[in-house]
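Below is one structure, written out as C-alpha cells; the observations come after it.
Residue numbers (the working numbering), protein chains in the order written: chain A, 3 to 314; chain B, 27 to 333; chain C, 12 to 654.
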C-alpha cells in the first residue's frame, strides 16, 4: 500500500559536534517553515534557522539559545523532553518536572513552573494561546492555564488505568480541542477536550511505541504517525466520508467529523505506509506541504516528498 | 589496530595494585600501596571523585557492586580488613567493615547480582569469607571456609549465575547454585559450592606446580559450559573447562617467559587478558576450531605510540 | 605464538620497570597500569618505586574505523540489508539464487556509495593527514568491492555449465573502467584524426583485452585511414569472431572448431603480411592469435595479474570452466612475474578463484575494516548454501558456527558504541545460541543518559523477553531519581521495576516526609494509583491514607472515619506512623455527628492504651481519652436507642 509518487532521499544527519548544540535527535520542532527549535542533552533549547547558500545547499544558522533551563536539584544535567509553540511563545518541559515559558524575542525565561509535576514530563502541547497540555511518565495528562496565577493544573486526567506513558501529543490544526496521543504500547488515543476528559476513540495502531503523531497542517483529514518499530504511516479519511465531512462542515455540523466518530471509527480510515519498514525507530518527523521529514535511529534523515493529499 | 586513547594520572604515591571500571564503564576505582582507594569519573575529563581513606596497609583489590544495589565498592587490604564503601550524594563513606581475618586479605569480589548482595574474600590466613547482606534486618552474615588453601588464598572468583539446563534437571527446582573458584599458595585451584547454608569443596584441580596467583571464571554466554582460567608462578596459564562444574579438563594456554600474575575475561567472555612479570599483556581468543590464539599484545613502556 | 599479532607499547617508564596489569572497560576497552605482584606475606613497607608520580592508568582501545562518521552510513545501510535478508529467510525456507544475487548487489551498491562519498570527501578535505586517512579507507573498500564482486560471480551467480568468462570480463570492466570511459569520450567528441590522441591505441588494445570488440571496432572506424584495405580487413576479421554463449545451443566442441577456424584464418592473413602496413593493426591481430611476442609486448598495459587473466582467457580459453580458474590464475601470476610478490588482495582473489572459501573468509578477516566484510559476506554465502557444502570436506567444520562466530564479534563491537548499540543488538539477534546471552550480558551495561534512552533500552529488552533486564533498568532509573530528588519519577520507575522493596522504601519517604512536615507532597502522583498500589503494603497504606485525607478535605467525615478504622484494623501501619492516625481520630471523635460506633471506639481505646507510654502521644493522651470517652457515651446511647 505504498503511495505511488513518493521519493525518498536519505542523507546522513549533519552532525553538530559543538557541546552546546548537539542535535542528537532528541527533539526537533518546526516553529515555522524555516525555523527549528531543538532540545539538547544539556538541558538547553536552541533555535536554528534554515538557510540556503548560493549553490542551493542547505545549511543551518544558530539562533537563540536558552542554556541549562532544565536541571535537577543535585546539579545533574537533564534533558528537555518536549517543545511546543504558539506564535512567538515556546514552552519547554523536562525530566525535572519543570515547565518553562519562553518567547522567541527574548533570551530570558518568561515564566517557570518549578514543580509542575512530581514525575518527568514527556510531552507538551499548546491548546490555545493561554493553555497547554502536558503528559508525564505515569500517563497523567494535565491542562495548564498560563494566564492564571495558580501554579496548579486546571485539570488532570489519565491516559489509561495502567502506567502507560504517552510518547507524543498533537491537536487538530483547526479544532484545537481535538487532542491525539500516541503511547508506549503503540496505541493512539483521541480526546474531545470540550466534552470531558475520557477518550472518544482509541486505536491499536503500531506494533511498538508510537514516536510521533501529527495532523497535516493544511489537510486535517490526514494524520501521520511513526513508531519505534520503524514504521511511518499516513492515515486518511476514506474518500466518501471525506465528502460527507465537507458537506457536514458546510452545514455547521462538525460533530460528525470522523475523528470524533466513535462507532466503527476504524472503518472510516485508510492507512498507507510512507516508506518500507526501517529496522530502527523513527524518532521524529514533521509534515509540511506534500513532504515529510523524519529522523531515524539509523542516523539518517529521510525526506519523503509527493505525499498524496488528494481530496478525491 | 589498537591505540592508546588517554592516560589517567591517579596521583597514587605508590604502586597501583588494582583498577576496576564500574558496571557502565563510567567510573574507575584504583587502590594502591599508599593505603588509599580512589574513584575517578572517566566519562567527563577523568576527574577525581573521591579519595577513600580507611585502610592502614596496602590495598590489594577493589570490586564494584552491581548498580542494582546502589553505588557500592569493596576493598581489601594488608591490614586484614575488608571495607564496603557506599556513595551518597557524591561522597563515599564506610558502609560495612569486616575484620575477621587473621592475615592480609588478598582478594574481594562481589557475586553476580542474581545471588543478591554477596561478597567473597580470600586471605593469607588460608580462609575464604562469604559475606551476605540480609535485607530484612539490614545486617551482614559472614560464612567462612577455613583452611581453603594452606599458607594462603591468593584469588577468589564467582561463577556466573547459570540456571541448570532444564533437560538435565526436569524434576528439581531451578535454583541458582552459588559457586566459587579460588587459587592459593598450595598450588591448587579449588571449586566451592554452597549447599544448604554451608560451603563445600566440589573439587580440587591439581596441575600447577607453583603458587596459583589468579583465577577467573569466564562470564557465560549462555552455553552450559564452564570455563576458568588460572595463572601461576610456574609461568603457565591453564584453561579449565567443564560441562557439570565437577569434572574439569585442563589445557595449557601457554607457558610464558616469566611468572604470570593476572588473568581476566572480557565482558562477554570471548577474550582472555594475561599479564605478568614479563611486562606484557597478551590477549587470547578461542578460534572456531577451539584453539587459543594470541590476538594482541600490549607491551612495556617506551614512548613508541602512534596515536 | 603467531607472528602477525598486534603489539602496542605503553609510554610509561614505571610499566617498564615494574610490570603491567589491566582492567576491562565495557565493552572491549582496556585500562592498563603499572603493577607488581607483592608477596602477600611480605612486610608492609613502600615498594621500591615509592614515591612515584607515574601511577597512571592507560586507556587502550581497538581502533574501529567503522565508527568514523563517514563510514557510519555503510554500517546503518548494510544493517538494513542484512535484516531484510534475515527476514526473507525467516519467511520462507527456500530462497532462489536470484534473491541472493539481489542482496549481494545491494551490499555492493552500499560499498559503492561509500566509496563515492569517500571520494567526495577526499576532494573536499584540506589537510594531508585527512587525505591519507581517507585514501586508506578508499583502498580498503576498493579491495572489498573487488573481492565481493568476484565472490558474487563465483559463488552466488553461478551460470549453467560453469561458464564464467562473461562474468569475469564484466568484473574486470567494472574495476578497470578507464578504457570504456576513454572510448566513450573519444566517440562523443566526434573529432577528426582520433588516432592523434596518445590514448587512442592503448584504448583500443584495452577494449580488446576486456572483450569489448564492438567498441574497439567503432574506434577503429574513426581512424582517418579507416577506409584503407588493412582497416577494412581487420574490421571484417573482428566482426567474424565467434562468440561463446551457453544459451546459443552450440556445444563447446562445436564452438572450438569455429574458433580454431577463425584463428587459422587470421594467422594466414598475418602470414600474408596483410596488416604489415600498420604496426598497430598487426599487433592487434597477433594478440588475437595468441602470438607470444605480441602478448609480452602488451603486458605493460596490465596493472595486475587479474586484469590479465580474463584477457588471456578471452583469446586462449574462451570456454573456460569456473573450476579451471585457479590454474589459469596461477599462470597469469607467473606471466606477470608476481609469484613471490602477491599482496593481500591478490591472495584473496587467488583463493577465491581456487574455490577455497575458507581461505577467503580467513583472509578477509585480516582486513582492517573491523569485520564488516567477513560478517556480511559469510552470512550471505551461508544462506546461499555455499558454506554448508564445505562441511563434507573439512573435519569439525560447521558453516553455521562460522558465520555466527563472525556475527557475534561484529555485533559485540557495535554494542560498545554510544549510538550503534541498537544495530549491534540486531546482529546478535541472529546468532541462535549465544546471541541472546551476549545481549543479556551487554544490554544492561549500555549507559543510560536520560529517560528517553532508558525507555529505548527497556523496549529492546522487552522485545527479546528479557524482562529481568527491563526491570533492572527501571530500578536503576528509580534509584537515580531518588538521588536527584525526583520522588515522583522514582516511584513511577520503582513501580515499573516491580521491585516492592524499592516501592516500600519510597512510600516510606513520602510518609516520613509527612510525619515531619505535616504536608502530603507530590499528591499529583498519589492521585489515581490504581492497581499498581498493590505492589507493596507500604504503598497501599500511603494510597489509602491519601484517600482518607481527600475524604476529610471534602468533608465526607463518615467515609473518612470508616477508612480510618479500616486502616487501624489493618496490620499495615508503619511503626512511625500509627500515632498520626491516632491523632487524626480526635476531630472525628469530637465531630457533631456520630462517626465511630461503640465498637470502633473500643478499638481506638485499645489501640491508645497499648501505646500509652509512647513519648509521641504523651501530651495528647488526656485529650484522646476525653474524646474517646465522650464519643463512646454518645455512641452507646445512640445504639441503644436504635435497638
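Where a beta carbon is used, it is the ideal one built from N, C-alpha and C, also for glycine. If you're wondering where the values come from, they're calculated on a predicted model, not measured in any experiment.
Subject >> Other residues of its chain near residue 628 (chain C): CB distance less than 8 Å, five sequence neighbours each side excluded >> reply: These residues qualify, in order along the chain: 590, 593, 594, 619, 622, 635.
Original post:
Is the beta carbon of residue 600 (chain C) sitting closer than 8 Å to the one on residue 642 (chain C)?
Top reply: Between residue 600 (chain C) and residue 642 (chain C), the C-beta gap is smaller than 8 Å, which places the two residues in contact.
**OP:** Give, in chain order, every unbroken run of the beta strand (DSSP E) that is at least 3 residues long and sits entirely within the segment 142–225 of chain C.
**Re:** Look at the segment 142–225 of chain C and you find no whole run of beta strand (DSSP E) that is 3 residues long or longer.
Original post:
DSSP three-state call for residue 113 (chain C): helix, strand or coil?
Top reply: Per DSSP, reduced to three states, the secondary structure at residue 113 (chain C) is helical.
**OP:** Kindly indicate which three-state DSSP category residue 298 (chain B) falls into: helix, strand or coil?
**Re:** Reduced to three states, the DSSP call for residue 298 (chain B) is strand.
**OP:** Using a Cβ-Cβ cut-off of less than 8 Å, give me the residues of the segment 96–120 of chain A that come near chain C, in sequence order.
**Re:** Residues 97, 98, 99, 119, 120.
Original post:
Would you say residue 299 (chain A) reaches chain C, if we count a Cβ-Cβ gap shorter than 8 Å as a contact?
Top reply: Chain C contact via Cβ: present.
**OP:** Tell me whether residue 546 (chain C) is buried or exposed, calling it buried when 16 or more other Cβ atoms sit within 10 Å of its Cβ.
**Re:** Classification for residue 546 (chain C): buried.
Subject >> Simplified DSSP assignment, three categories, for residue 229 (chain B) >> reply: Looking at residue 229 (chain B) - three-state DSSP - the assignment turns out to be strand.
Subject >> Straight-line Cα distance separating residue 232 (chain C) from residue 224 (chain C) >> reply: Using only the alpha carbons, I get a separation of about 12 Å.
**OP:** Please check the pair residue 122 (chain C) and residue 152 (chain C), which I expect to be a contact at CB under 8 Å, by giving their CB distance rounded to whole angstroms.
**Re:** Distance from residue 122 (chain C) to residue 152 (chain C) at the Cβ level is roughly 6 Å; contact confirmed, criterion being Cβ atoms closer than 8 Å.
Original post:
Quick one, are the C-beta atoms of residue 31 (chain C) and residue 45 (chain B) less than 8 Å apart?
Top reply: With respect to residue 45 (chain B), residue 31 (chain C) sits apart: the two C-beta atoms are not nearer than 8 Å.
Subject >> Rounded straight-line distance, which links the Cα of residue 291 (chain C) to that of residue 248 (chain C) >> reply: For residue 248 (chain C) and residue 291 (chain C), the distance between alpha carbons rounds to 15 Å.
Original post:
Are the beta-carbon atoms belonging to residue 480 (chain C) and residue 455 (chain C) less than 8 Å from one another?
Top reply: The Cβ-Cβ distance between residue 480 (chain C) and residue 455 (chain C) falls below 8 Å.
Original post:
Relative to chain A, which residues along the segment 535–554 of chain C have a C-beta separation below 8 Å, given in chain order?
Top reply: Closer than 8 Å at the C-beta level to chain A, one finds these residues of the segment 535–554 of chain C: 535, 536, 538, 539, 541, 542, 543.
**OP:** Name the two residues that bound the continuous alpha helix (DSSP H) containing residue 386 (chain C).
**Re:** For residue 386 (chain C), the enclosing alpha helix (DSSP H) starts and ends at 383–394.
**OP:** Would you mind sorting residue 100 (chain A) into buried or exposed? The rule is 16 or more other CB atoms within 10 Å of its CB.
**Re:** Under this definition residue 100 (chain A) is a buried residue.
**OP:** Could you check the C-alpha separation between residue 88 (chain B) and residue 100 (chain C) for me, to the nearest Å?
**Re:** Between the alpha carbons of residue 88 (chain B) and residue 100 (chain C) lies a gap of roughly 48 Å.
Original post:
In the structure shown, what three-state DSSP assignment does residue 194 (chain A) receive?
Top reply: Here residue 194 (chain A) sits in strand by DSSP.
Original post:
So, does the CB of residue 281 (chain A) fall closer than 8 Å to a CB anywhere in chain C?
Top reply: At a cut-off of 8 Å, the C-beta of residue 281 (chain A) has a neighbouring C-beta in chain C.
Subject >> Bridge partner(s) assigned by DSSP for residue 209 (chain B) >> reply: BP columns for residue 209 (chain B) point to B:181, B:215.
**OP:** Compare the Cα-Cα distances from residue 145 (chain A) to each of A:186, A:198, A:165 and report the closest residue.
**Re:** If we check each option's Cα against that of residue 145 (chain A), A:198 comes out closest.
Original post:
Under the three-state reduction of DSSP, which class applies to residue 31 (chain C): helix, strand or coil?
Top reply: In this structure, residue 31 (chain C) counts as strand in the three-state DSSP scheme.
Subject >> Within chain C, the residues that residue 160 (chain A) reaches when beta carbons sit closer than 7 Å >> reply: Here the neighbours are 539.
**OP:** Leaving aside the five residues before and after residue 611 (chain C) along the sequence, list all residues of the same chain whose C-beta is less than 7 Å from its C-beta, in chain order.
**Re:** Same-chain partners within the cutoff: 576.
**OP:** With 8 Å as the limit, tell me which residues of the segment 438–472 of chain C have their beta carbon closer than that to any beta carbon of chain A; keep them in chain order.
**Re:** Correct list: 460, 461, 462, 463, 466, 467, 470.
Original post:
Is DSSP giving residue 631 (chain C) helix, strand or coil here?
Top reply: It is helical.
Original post:
Would you call residue 252 (chain B) buried or exposed, if buried means 16 or more other Cβ atoms sit within 10 Å of its Cβ?
Top reply: Flag for residue 252 (chain B) reads buried.
Subject >> Pick from A:281, A:310, A:305, A:230 that is closest to residue 434 (chain C), judged by C-alpha positions >> reply: The shortest C-alpha separation from residue 434 (chain C) is found at A:281.
**OP:** Rounded to whole angstroms, what's the CA-CA distance from residue 119 (chain B) to residue 131 (chain B)? Just pull it up for me.
**Re:** Using only the alpha carbons, I get a separation of about 20 Å.
Subject >> Interface positions of the segment 477–488 of chain C facing chain B (Cβ-Cβ less than 8 Å), listed along the chain >> reply: Of all residues in the segment 477–488 of chain C, 483, 486, 487 have a Cβ within less than 8 Å of some Cβ in chain B.
**OP:** Give a yes or no on whether 8 Å exceeds the smallest Cβ distance from residue 506 (chain C) to chain A.
**Re:** Taking 8 Å as the CB threshold, residue 506 (chain C) lines the interface with chain A.
**OP:** Whole angstroms is fine: what's the gap from residue 459 (chain C)'s alpha carbon to residue 166 (chain B)'s?
**Re:** Each residue's Cα considered, the two are about 30 Å apart.
**OP:** Alpha carbon to alpha carbon, how far is residue 21 (chain C) from residue 180 (chain B)? Give it in angstroms, no decimals.
**Re:** Going by the C-alpha atoms only, they are around 27 Å apart.
Subject >> Among C:447, C:28, C:359, nearest to residue 65 (chain C) - alpha-carbon criterion >> reply: Ranking the options by Cα distance to residue 65 (chain C), first place goes to C:28.
Original post:
Quick one: does residue 19 (chain C) have its CB under 8 Å from some CB of chain F?
Top reply: Reference to chain F is not applicable here, since the protein chains of this structure are A, B and C.
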